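Chains as they are written, first to last, in UniProt numbering: chain V, 1 to 426; chain H, 1 to 426.
For each residue, glycine too, the CB sits at the ideal point set by N, CA and C.
No experiment lies behind these values; they were computed from the predicted model shown.
This report refers to the structure that appears directly beneath it.
There are 2 protein chains.
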Amino acid sequence: MKQIRIGLVGAGVVGSNLLQLLEKNRQTIQTRNQLDLQVVAIATRTPSKIQHLTQIPISTDAKSIASREDVDIVVELVGGTEIASEVVHSALKNKKAVVTANKALLSEKGDELFQLAFENGVEIGYEAAVAGSIPIIRTLRDGLSSCEFEVICGILNGTTNFILTKMEEEDWDYGTALKVAQDLGFAESDPTFDVEGIDAAHKISLLASLAYRSKVPFSNLKVEGISKLKSIDIQASKSLGYRIKLLGISKITNGGILTKVHPTLVPLNHPLANVMNESNAVFYKTVEAGAGMVTGKGAGGLPTASAVLADLIYYGSRIRIQDKILENNSYPISKKSREQENKVRNYLRFSTLDKPGVLSEIARILGKNDISIASVQQKESEKEPVNVIVVTHESNEGNFAQSLSEIDKASFIKEKTVAIRLLENL
Amino acid sequence: MKQIRIGLVGAGVVGSNLLQLLEKNRQTIQTRNQLDLQVVAIATRTPSKIQHLTQIPISTDAKSIASREDVDIVVELVGGTEIASEVVHSALKNKKAVVTANKALLSEKGDELFQLAFENGVEIGYEAAVAGSIPIIRTLRDGLSSCEFEVICGILNGTTNFILTKMEEEDWDYGTALKVAQDLGFAESDPTFDVEGIDAAHKISLLASLAYRSKVPFSNLKVEGISKLKSIDIQASKSLGYRIKLLGISKITNGGILTKVHPTLVPLNHPLANVMNESNAVFYKTVEAGAGMVTGKGAGGLPTASAVLADLIYYGSRIRIQDKILENNSYPISKKSREQENKVRNYLRFSTLDKPGVLSEIARILGKNDISIASVQQKESEKEPVNVIVVTHESNEGNFAQSLSEIDKASFIKEKTVAIRLLENL
């Protein structure tokens, strides 16, 4: 039986779940995979929290683990991009495989890290970095290895999906739903990272890089969160036959790759529309296998630890094989698409004064910018501002930007206009 | 670059799609996977159909391919269990890996074939055998390798899902929907294999074997198809908040594994309820990663060929590796569960005479067998038989069998009672 020696860096919730899971599944993995996974070194900031889980001496020196002679795989569960980056660099240079759940690190420095891994003849596993327990990395890399991707997109952040679900089902406003998410531990006390779409952007950049085997760095993405959404947007969308979801979207368009994160009106009969609460899902469309979707739990200590363990089994099996099955993980140059020319439909909510001529002026400016109107909703209201909801036909993203900047200067506009894209032809 | 030599046996729709896909993706696979996949021998019944696709001489002698010195992987796309079985046996004995789309063969003879593969140090790939383009085999084997399964179930037959969708959406009866499926090429002229659940049973037996690493032979399964369903069942279920789906279900119960195929009332908000038309889906529940679902195209020449190619890339990469990463695919002994003790809820449709005392007699017999009633629907009708629709609370499967055999003997019963299980606590 092959013995694989693991150095664990970072032992918070995921790390301690991993230690327990390794113990519980030791025998099964030995029988099924002919693999003996042994943790030989642990570093964490607060050793006292995990002392009851292990016999191994626990240090606080993260960096030393990465250079230890007796470690085959370094598991990086520190998070952040500073110490984690040092640990991963050092591990790769010392020819150790790395398994990590750190999407921020890979999204921001993946290109350099995968190149370093390739040069050193080792691999980086990151199943746990995207969509928790959903084995989407393995699915893209092995399961759909014969496919050419046209689109990959998904609900990649559980916190925002929970907030949107509650805004709809309980008719709560954004602030209330966020507060409940915080009370339940689904959202951080500073929720920016989740609600402004940054976390989802990290994840879609990783998925897109893998699907297209092209560099899709975080810095290329345009990112919009959900904090501007109001109850009326949720309800009006529903009455129009849509549900608002925060999607990470990457698609081939205009000869390049367009990748972005924004709230999106998803038709109620689309499979992504029915992924509720804190669940995650990834939808894809390929030339050969058509469309498909995977869905499941996006986060949580045990689900994430199970993804780390699946990577340990997979990469552990591949270590010390003489005829290396090593892929070149380094990406070709980025092919960024011209977003201004991307065609979209929009849901537009104008907050206006209640006076004659408003709708005709809005329609005039949209028309001048080559945007035609598909439907208008305006309910009789006793107080200003009045919400005028317009769903448009397709036009270039650039035309929308131009129109809204003109309209928002008008004296009858009381608040910045909210634009939410309809799910594009995915 | 590693060269892998392929012997292709059977070149119908999937085989010819595979030849084209291999040609189209040759360069990509060389770059990404450092693998040169070369078809060196082809056998098929009608060589004329694929002569334009290849330069290779085409023979009609399937068996000779399996013993050729210059073949590394035999791709078996013959179908059926006779010639296919001979070809696969011979290939494994000659120490060649096998990639196949043949669920019937593996479901009926898998135990013996996987054992033979293990003894000869080679592997069998069968991603294309279950749910076409959905990479569920890779997902179970690698992606969720760290998980303990509680349930695996799915919509595994596109033909029956198409028929059920049309019965609901177009309000067609079963015969009309079947006829349309046949006209569109989704159903065979003899549809028994699909509509009676045999195809779904082959597939769930393969998925269950893999999820539980236990023998789940086809012969252990109880299989029920959709041919007895009427429009009224579809409509009544919908009004109760359910949609009827033909599910293959395998779950841990009573200390064993219970595996079966039957029409099932799935709550409308369950993800399986929203898988429509000819799509397939697999839902699972694990201890570690919770619940998840994968969905996509279940069949078609190109999707199935893409799954075969994914297997060729995967197993091709593993061939001639000195330190073999070979799993023992042979299963432990079967742990069959006692189905009679499995607890279920049922939708029961009684076809009765329109006279007093019928409902009370039905209720009496159910009650005597420890089955309590959750709801009753009976619409006023001018003609007999009258449909009495009862939804029950939970009771043992054995109690239902006993009750219905008693009730169906009553003189007021005009047609055999239809029982459709509600989705169990999955």
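Interface with chain H (7 Å Cβ-Cβ cutoff): V:Ser-360 is excluded. The region 19-36 of chain H makes no contact with the region 400-418 of chain V, as fewer than three CB pairs between them are under 8 Å.
Here DSSP, grouped into helix, strand and coil, assigns H:Val-216 to coil. Within the DSSP bridge table, the entry for V:Lys-222 names V:Lys-260 as partners. Around the beta carbon of V:Glu-112, fewer than 16 other beta carbons lie within 10 angstroms, which makes this residue exposed.
Excluding five sequence positions before and after V:Val-74, the CB atoms of its chain that fall closer than 6 Å to its own CB belong to Gly-7, Ala-66, Ala-91, Lys-96, Val-98, given in chain order. With distances taken between CA atoms, H:Gly-256 lies nearest to H:Val-216 out of H:Pro-303, H:Val-216, H:Val-282. Residue burial is scored here from C-beta neighbours: V:Leu-184 has fewer than 16 other C-beta atoms within 10 angstroms and is therefore classed as exposed.
Shown here, H:Tyr-315 sits in a helix according to DSSP, grouped into three states.
The DSSP assignment places 242-253, 256-267, 279-286, 290-297 as complete runs of the beta strand (DSSP E) inside the region 235-299 of chain H, in order along the chain (cut-off: 3 residues).
Take the alpha-carbon of V:Ser-219 and the one of V:Ile-136: they are about 23 Å apart. By the neighbour-count criterion, in which 16 or more other beta carbons inside 10 Å mark a residue as buried, H:Met-1 falls on the exposed side. One thing to note: V:Glu-150 has its Cβ within 7 Å of the Cβ of V:Ile-252. Three or more Cβ pairs closer than 8 Å define a contact, and the region 122-136 of chain V falls short of that threshold against the region 124-134 of chain H. Counting along the chain, no beta strand (DSSP E) covers H:Ala-66, and no H or E run does either. Looking from the CA of H:Lys-222, the closest CA among H:Ile-407, H:Glu-397, H:Ala-43, H:Asn-157 belongs to H:Glu-397. Across the region 185-218 of chain V, CB contacts with chain H closer than 7 Å involve Arg-213, in sequence order along the chain.
Residue range 346-352 is occupied by the beta strand (DSSP E) that includes V:Ser-351. Interface flag for H:Arg-421 against chain V is unset, since no Cβ pair is found closer than 7 Å.
Listed along chain H are Leu-21, Leu-302, Pro-303, Ser-306, each with a C-beta nearer than 7 Å to that of V:Glu-288. The three-state secondary structure of H:Thr-28, taken from DSSP, is helix. A Cβ-Cβ separation of about 30 Å leaves H:Ser-107 out of contact with H:Leu-53 under the 8 Å criterion. For H:Lys-368, the enclosing alpha helix (DSSP H) starts and ends at 358-368. Under the three-state reduction of DSSP output, V:Gly-7 falls in the strand class. Taking 7 Å as the cut-off, the Cβ atoms of V:Tyr-212 and V:Leu-265 do not count as close. Excluding its 5 nearest sequence neighbours in each direction, V:Glu-341 has C-beta neighbours in its own chain below 6 Å: Asn-254, Asn-396, listed in chain order.
Between the alpha carbons of V:Tyr-315 and V:Val-39 lies a gap of roughly 15 Å.
In the three-state scheme derived from DSSP, where H, G and I count as helix and E and B as strand, H:Arg-45 is classed as coil.
Contacts with chain V at 7 Å (Cβ-Cβ) do not include H:Tyr-315.
For the C-beta of V:Ile-134, the chain H residues within less than 7 Å are, from N- to C-terminus, Gly-292. Classified as buried, H:Glu-288 has 16 or more neighbouring CB atoms from the shown chains inside 10 Å of its CB. In the DSSP assignment, V:Val-71 falls outside any beta strand (DSSP E), carrying neither H nor E. In its own chain, leaving out the 5 sequence neighbours on each side, no residue places its CB closer than 6 Å to the CB of H:Glu-170. Contacts with chain V (Cβ-Cβ distance below 7 Å) from the region 141-157 of chain H involve Asp-142, Gly-143, Leu-144, Ser-145, Ser-146, Cys-147, listed in chain order. For V:Val-99, the enclosing beta strand (DSSP E) covers residues 97-100. Among the CB atoms of chain V, one or more fall inside 7 Å of the CB of H:Thr-139.
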